[in-house]
Amino acid sequence: MTRTQKQSDRGEENAGTTEKQSGRGAASAVQSVDRAVSVLEILARHGEAGVTEIAEALDVHKSTAFRLLGVLENRGLVAQAKDRGKYYLGAGVLRLAGAAAVRLDISQEGVPVCRELADELGETVNIAVLDDDAAVNIMQARGTASVTAQNWLGRRTPLHATSSGKVLLAHMTPTRREGLLARTLPRFTDRTITGASMLRAELEAVIERGFGVTIEELELGLAAVAAPIRAHDGRVIASISVSGPVYRLNSDRLPELAKRTVAAGAELSRRMGYGF
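Right under this line is the structure:
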């Protein structure tokens with residue numbers, strides 16, 4: 002066998018070993034995630050538990066249980082009672098649960114409001130929430146005039162090119178908003194705002210008038226108007242929008258649509274506890 006063939010064989014062996022190691026690493030990572038979730042479930046059932054109890058429940062060594070608890074504690078998902086050495090669910094779990102609860106509450110409370118607005122205006126009504134750097138539609142109601150309209154439910158849409166996105170973007174913390182504006186803003190049509198300074202001015206207008214508007218900025222022929230939905234503490238947690246073709250949502254009709262959308266947003270905000 003030549004030296005080149007030997008080197009080739011060793012290379013294949015090393016590649017195979019690396020692949021196996023990579024596979025074992027991935028399986029180990031999945032197992033760690035599974036065990037971490039199990040720790041949270043144990044604490045949810047029992048209220049609190051010590052390292053020994055958790056190790057026995059997971060059927061792992063105490064050192065493994067201790068490492069899992071350390072990671073979860075660093076992320077605020079568990080906390081330790083120093084006087085007893087027991088662990089319990091931390092505030093981080095409440096934060097995550099609260100975010101999920103907000104979406105569920107908006108979905109439940111939004112049904113009658115969206116249905117009434119869609120029936121009254123005949124257009125598509127959506128509720129959207131912030132999902133990292135996009136707006137995602139979590140509820141949709143269609144009016145009589147929008148039977149052939151596309152389905153926006155579950156779709157992630159760009160913040161800078163949608164009315165709901167502009168509302169959510171306008172009410173972000175300045176630091177987070179500027180971080181998003183520093184990115185390259187994709188163009189979808191000739192009317193999409195892609196300049197940060199122009200978009201800042203647009204967002205100031207959203208705050209001033211209380212609603213956001215887009216006309217053919219995401220899709221040609223599509224127009225929309227959106228208003229904020231606030232939580233009990235005044236934070237904007239979602240937006241409600243009315244969308245349809247530009248020939249129906251024209252400049253003559255937009256003011257009335259904006260007025261009704263803002264009123265629907267205020268009603269949903271009241272249902273979420275704002276103003277009490």
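Numbering (this note's numbering), first residue to last: 2 to 277. Ideal Cβ placement from N, Cα and C applies to all residues, glycine included.
- Taking a contact to require three or more Cβ pairs closer than 8 Å, the region 214-226 and the region 103-120 do not qualify as touching.
- In terms of CA proximity to residue 111, 130 leads the group 94, 130 and 123.
- If you draw a straight line from the Cα of residue 222 to the Cα of residue 93, it comes to about 44 Å.
- In the DSSP assignment, residue 90 falls within the beta strand (DSSP E) that extends over 87-90.
- Here residue 34 carries a helix assignment [DSSP, helix/strand/coil].
- Exposed is the label assigned to residue 276, since fewer than 16 other Cβ atoms lie within 10 Å of its Cβ.
- With fewer than three CB-CB distances shorter than 8 Å, the region 256-264 does not count as touching the region 192-199.
- In the DSSP assignment, the residues bridged to residue 245 are 224.
- Residue environment analysis places residue 113 among the exposed positions, since fewer than 16 neighbouring C-beta atoms fall within 10 angstroms of its C-beta.
- In the three-state reduction of the DSSP assignment, residue 93 falls in the helix class.
- The three-state secondary structure of residue 254, taken from DSSP, is coil.
- For residue 75, the enclosing alpha helix (DSSP H) has its first and last residue at 63-75.
- With a 10 Å radius around the Cβ and a threshold of 16 neighbouring Cβ atoms, residue 88 comes out buried.
- Under the 10 Å beta carbon count, residue 231 is surrounded by 16 or more other beta carbons and is classified as buried.
- If you draw a 10 Å sphere on the C-beta of residue 184, you find fewer than 16 other C-beta atoms in it, and that means exposed.
- Of all alpha-carbon atoms in 267, 266 and 246, the one lying nearest the alpha-carbon of residue 124 is that of 246.
- With distances taken between CA atoms, residue 144 lies nearest to 243 out of 225, 271, 205 and 243.
- Residue 79 is not a Cβ neighbour of residue 55, given a cutoff of 7 Å.
- The beta carbon of residue 120 is closer than 7 Å to those of 144 in its chain, skipping five residues each way along the sequence.
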